[in-house]
Structure formats: structure tokens, C-alpha cells
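Here the structure comes first, spelled out in C-alpha cells, and everything after it is commentary.
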Ligand SMILES: [Zn+2]
């Protein structure tokens, strides 16, 4: 499990359980109930005996803090079962009290972060059902709290829609890149196959092995000058380790 590259500031909290006992398949969005910077939020979670943390925090300025690595379980939603499978995010309020409004900058970074979490963890879609059965959950469904506040709670359908737009786009973006169909020789034994074109996509857990393979699509992505999709459907490889025949 990786962490988001959107992170601007890291302060790891001792208040967590290592490692989480379930694969990540949910996201739980919280509000800070205050207008804390990501540094102030990190300082609170860093305190021994505070018994609280989240995986990420987002400030009103849209900066992102990492407090508990994704591989570990944060103490955030008053539910061990939820926090073991969810990435938790605390978002600052730019209105203290009332509707607990959240800035547009923070909201748009939240959408970006959720899309990034879904991509890296193989979550195909955010499904907001309005209850615990979906994969986008709220703190107040697990404990008597108002978290995430009226404003952010009202934005959950919008957040799911925007995240899914980005996930759908990413897929069509690289599926529509076409024209490539050629053979390559791989000469190293341990070339990873990934679920998408970039090192920010998970590996499928096996290598191509040495041999000749057919590439049917190319796409730019992180970690290589170009990525190629295998005709077998197994996934994507870095073309830096493949010689065109
Ligand atoms: Zn909360």
C-alpha cells in the first residue's frame, strides 16, 4: 500500500494500529470541527494519549497532511471495523459552528485525494448509499457525533459524482489511446505488471518473466518514459525495460 503523492506535510501519529487488518475499500470523510492548519491537526494527533488520528488531513488552503500511513489503521471513526478498511480524511472548516462550511479549495482537493486513493487501491467507484453499506461513509453513522457537519455531509453525493467522473475519465483516457500494436522483448526476469500506466497503480503481483510480448496501447504515466498495455490483458509494463522488435 502506498501513500498519496498529494501530501504536502507529514507528521506520523503514534495513535494508530499497525498494520490495518483489511484491504482498503472505503473512504470516510470527517471534519475537524475547527479551522486547523494541517500542521496544527498533526500536532494534536501526535500527542500521546490523545487516542485519535486520521490517515490524512486537508486544510482550508487545500494543503494535505499525512498522519497515519495508508497501510495502518487510524483511530478516527469510532469503529474499528470501519477504520480497518477505510482511509480516513479530516477536512478543516472555514466556518466554525453553523453549517461548518468547508472552503472550495479544500473541497476540490478532497475530490482529488479521494480519486487518488481509489486509483491506487483498485476501488473502481465511490458508491454513496446514504448508509454504512456504501464505500463512502460518515463518522456520525458509527457514533453519536455531528461529524462531518451539515455542509460537508450535504456534499457527499457531489464528492462521489466528481470522484467517479475522474475515475471514469482516467480509464477512457488510456483506453482511447490507440494505434500501438507491436512486439517487445523483455530481458529482465522481474518486470512488474501493473493495473494501470504508472507506478502509482498497484502491481498485479507477478512479473512478465523474460520473453516476447505484444503491446496494444501506449500511455504516459509516472515512473517510466512510456507504459505499454499487454495484449494478454494482464496489465501494463514500463517500456523502459522492453526493446521494440
Ligand atoms: Zn469525525
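Residue numbers (my numbering): 38 to 282. For every residue, glycine included, the Cβ atom is placed at its ideal position computed from N, Cα and C.
Asked: Within 10 angstroms of its Cβ, does residue 220 collect 16 or more other Cβ (buried), or is it exposed?; Found: exposed
Asked: By how many angstroms is the C-alpha of residue 120 removed from the C-alpha of residue 273?; Found: 31 Å
Asked: With H, G and I counted as helix, E and B as strand and the rest as coil, what does DSSP make of residue 119?; Found: helix
Asked: Where does residue 204 sit, in a helix, a strand or coil, going by DSSP?; Found: helix
Asked: Classify residue 137 as helix, strand or coil using the three-state DSSP reduction.; Found: coil
Asked: By Cβ distance, which residues of its chain are closer than 8 Å to residue 161, with the 5 residues on each side in sequence left out?; Found: 155 and 204
Asked: Distance check for residue 191 and residue 147, CA to CA, integer angstroms please.; Found: 14 Å
Asked: Thinking just about the alpha-carbon of each residue, which of 226, 76, 165 and 263 is nearest to the one in residue 253?; Found: 263
Asked: With which residues is residue 256 paired in a DSSP beta bridge?; Found: 264
Asked: Does the Cβ of residue 238 have 16 or more other Cβ atoms within 10 Å, making it buried, or fewer, making it exposed?; Found: buried
Asked: In chain order, what residues of the same chain lie with their CB nearer than 6 Å to the CB of residue 96, ignoring the 5 residues before and after it?; Found: 74, 75 and 129
Asked: Determine, for residue 199, whether the minimum Cβ-Cβ distance to residues of chain D falls below 8 Å.; Found: The structure shown contains no chain D; it holds only a single protein chain.
Asked: What do you reckon, are the CB atoms on residue 48 and residue 83 nearer than 8 Å?; Found: yes
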